[in-house]
Amino acid sequence: MKKFLFILLISPALLFGAKAPDFTITDYNNKVHKLYADYLDKNKVVVLKLFFVDCPPCNAAAPAFQQANLKWGNGANRVQFLELSTQTWDNNADVKGYSAKHSITFPGAASDGGALEATAPYKNSQFGTYYGTPTYIVISPNGEVNYNVRFYSNEPVPLDSAITQALRVTVGGTGGGGDTRCKDSFGVKITSKLKPDHVYFRDILYSGNPEYDIPSGQYNCEFYFPPIRDGYYVIPEKNQIGNIFDGVSTADIVLIQKHILGQKKLNDLQFALADVNKTLSVTASDIIEIRKLILGVTNKFVKVNAIYTVQNNPSAYTGIISNRAKINDILSNKSSNEFGVGHYGDITAASSFADEFIDSRSSCAVDFSIRITKSSTGYKYVLYPTEDIKGVLAFQFGLKENFAAISNINLKNIPGFSPSNFYVNSDKNELRLIWDDPSALGEHFISKEGLISFNSPRLLNPKESENIQSEITFIDGGSIEACDIRFHIINDAVTKKTKIKLIPSPESVLLTSDDVIEEISVVNHQGTFLINLKPNDNSVEIPTKHLLNGVYFIKAISADGENEILKFIKI
577 MKKFLFILLI SPALLFGAKA PDFTITDYNN KVHKLYADYL DKNKVVVLKL
627 FFVDCPPCNA AAPAFQQANL KWGNGANRVQ FLELSTQTWD NNADVKGYSA
677 KHSITFPGAA SDGGALEATA PYKNSQFGTY YGTPTYIVIS PNGEVNYNVR
727 FYSNEPVPLD SAITQALRVT VGGTGGGGDT RCKDSFGVKI TSKLKPDHVY
777 FRDILYSGNP EYDIPSGQYN CEFYFPPIRD GYYVIPEKNQ IGNIFDGVST
827 ADIVLIQKHI LGQKKLNDLQ FALADVNKTL SVTASDIIEI RKLILGVTNK
877 FVKVNAIYTV QNNPSAYTGI ISNRAKINDI LSNKSSNEFG VGHYGDITAA
927 SSFADEFIDS RSSCAVDFSI RITKSSTGYK YVLYPTEDIK GVLAFQFGLK
977 ENFAAISNIN LKNIPGFSPS NFYVNSDKNE LRLIWDDPSA LGEHFISKEG
1027 LISFNSPRLL NPKESENIQS EITFIDGGSI EACDIRFHII NDAVTKKTKI
1077 KLIPSPESVL LTSDDVIEEI SVVNHQGTFL INLKPNDNSV EIPTKHLLNG
1127 VYFIKAISAD GENEILKFIK I
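Printed below as a string of structure tokens:
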């Protein structure tokens, strides 16, 4: 398929020179042809071929030029082809033999038919440099001349384009109006922030038809479309140059979950971007592939093997994935002329078409702390939010350190956590962890309550990874927010101290702590549990009036997961 890049940089009027001189010729069938009276004044376009009978390139191009004549109606419509010999030794009988040899069906004339006088103005540089035969000329109905139009058997587009432009010129003006208007004009609208690098007009049924690349996406009859163009489609394309990880996060998983659960339907562009398994559907398997990418288990979406895709009618909710539209359907309003470009997996960036949107990931931040404490096997690390966060839908983060020896990775009070939610990359010294709420309704994260913990035999100094966006997604007032996570390290492993103080009184025991006390259990010296409380506060008063005199033990668990055993005596 021949490809043509079509960029209009000058207006059609500037393509033409002086007015064509009138001429009268008599063809080899003794029919008289007057340029203006017979053609131009009747709002027709005239295509002249300057040649001579023994010209080798003229003979080579003759069959293709005849095909162009047939394509434009063989004189029955608004385009008339004529061929005129430039040599004195050619006569009408010679031209007739030439026409018969090549099955030419349009008129021709030689020296005895007035061809020398008719061609003379086009050989004296009045309209441009004359390079010999064949020379092709297109004359508009108002007499404007498009001189030395390029035409080869394998490159018909320049001639088709010149004829199309000439058809838009009226007898008395320089374009438009009446039946000369472009009836098939249309424009392609790109409604996404990402734009295509190419907008192809491509015949997918017949590879012999030319392919056009129209970066502007606007067609106003600047070139010729074949009369039968059922196979021609508009196909925008974007170069696959970029970072597959850009913009892909757990916020995108949230939107996919809502779609699967029937809570919020994806528009067609989002649907196409979510279908990373190329099944023409959006399922949990797509979520799994996106998780793998975020965690760094994979570095591409294997099934699509691409970064970007294009979707026709992107703001619709049909669930139909298509990157193209028939030109005939666009002209008849059966198909939308709108297209969107998106990044596979980045569902949130395509949500601007919907009534739900996600704020910029850099517009807000939520603070998390990582507390390090000494443990019996080494060190314990507990991550928790510094303040309450309601409606949490998902989060993701990455930490840099040598995590090869960590163990006991645990998410407390968070549903749906499994080994597939984290990944340790020993080569990159990186830990990635993601979570998304299976219900897509939102969880409540309590201030200073440990969410994630793990152990290590040695002291680590984790830092935020630059390879993954640390982000938390939650519902806020009905809309979805995606905020950065900021980490703060609190190292209590170096100077271990008692955090919980016990203050006894005759009828109670008061416990106070700098940290939140998550759970308290009171047992007697025989190990029998007597009291269990979950205060989630920095202080708690335990009633002891009902207890018998004796020795009792209190097991207190702080929000960071640390345990302390305290003893008191009831007398």
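Each residue of the sequence shown is one higher than the one before, counting from 577 in the working numbering. The beta-carbon is built from N, C-alpha and C at its ideal position, and this holds for glycine as well.
In this structure, R900 places its C-beta atom within 8 Å of the C-beta atom of I811. Listed in chain order, the beta strand (DSSP E) runs fully inside the region 582 to 649 are 600 to 602, 608 to 610 and 621 to 627, counting runs of at least 3 residues.
Put simply, of N989, L616 and F821 the residue whose alpha carbon is nearest the alpha carbon of F877 is F821. The three-state reading of DSSP puts E1138 in coil, since its state is none of H, G, I, E or B. By the criterion of a C-beta distance shorter than 8 Å, P633 is surrounded in its chain by T709 and P710, once the five residues flanking it on both sides are discounted. In the structure shown, the three-state DSSP call for P890 is coil. Note: T1104 is not bridge-paired with any residue in the DSSP secondary-structure output. For D670, the enclosing alpha helix (DSSP H) covers residues N668 to K677. Taking C-alpha positions only, G1026 is separated from N989 by approximately 9 Å. Counting the other CB atoms within 10 Å of its CB gives N875 a total below 16, which places it among the exposed residues. Three or more beta-carbon pairs drawn from the region 967 to 974 and the region 1005 to 1019 are found closer than 8 Å, and the two stretches are therefore classed as touching. With distances taken between CA atoms, T740 lies nearest to A644 out of A644, K618 and V858. A residue is called buried when at least 16 other Cβ atoms come within 10 angstroms of its Cβ; V775 meets this threshold and is buried.
Excluding the 5 residues flanking it on each side, L624 has same chain C-beta neighbours closer than 6 Å at L658 and I713, in chain order.
Residue pairing for N1067: DSSP places it in a beta bridge opposite I948.
Note on the region 975 to 1025: whole beta strand (DSSP E) runs with a minimum of 3 residues are 983 to 987, 998 to 1001, 1006 to 1012 and 1019 to 1021, in chain order. Spatial neighbours of D617 in its own chain (CB-CB distance under 7 Å, excluding positions within 5 residues in sequence) are listed in chain order as V747.
For the options L869, G807, N730 and Y795, the alpha carbon positioned closest to that of D828 is the one of L869.
Listed in chain order, the beta strand (DSSP E) runs fully inside the region 691 to 764 are 711 to 715, counting runs of at least 3 residues.
Assigned with DSSP and collapsed to three states, L1086 falls in strand. According to DSSP, residue pairing for N1031 in a beta bridge involves K956 and S983. By a beta-carbon distance limit of 8 Å, Y808 contacts D779. Their separation comes to about 5 Å.
Annotation for A669: no residue places its beta carbon closer than 6 Å to its own, counting only its chain and skipping 5 residues before and after. With 16 or more other CB atoms across the displayed protein chains lying within 10 angstroms of its CB, G872 is buried.
Selection F1129, N1125, S1089 and P1111 evaluated against F1105 yields F1129 as nearest (Cα-Cα). Listed in chain order, the alpha helix (DSSP H) elements of length 4 or more contained wholly in the region 769 to 842 are 826 to 836. Around the beta carbon of S729, fewer than 16 other beta carbons lie within 10 angstroms, which makes this residue exposed. The continuous stretches of alpha helix (DSSP H) do not include N1114, which lies in the beta strand (DSSP E) extending over residues D1113 to P1119.
With respect to I1061, I1048 sits close: the two C-beta atoms are nearer than 8 Å.
Take the alpha-carbon of N978 and the one of S1046: they are about 19 Å apart.
For E1095 and I1076, the gap between their C-alpha atoms comes out near 12 Å. Sequence-distant partners of S1089 (beyond 5 residues in either direction) whose C-beta falls short of 8 Å from its own C-beta, in its chain, are K1075, I1076, K1077, N1114, S1115, A1132 and S1134. Beyond the five residues adjoining it in sequence on each side, Y706 comes within less than 6 Å, by CB distance, of K699 in the same chain, given in chain order. I903 has its alpha-carbon roughly 27 Å from the corresponding atom of G651. Cβ atoms of S912 and N888 come within 8 Å of each other, at about 6 Å. By the Cβ criterion, the region 1016 to 1035 is in contact with the region 980 to 996, since at least three pairs of Cβ atoms, one from each stretch, lie closer than 8 Å.
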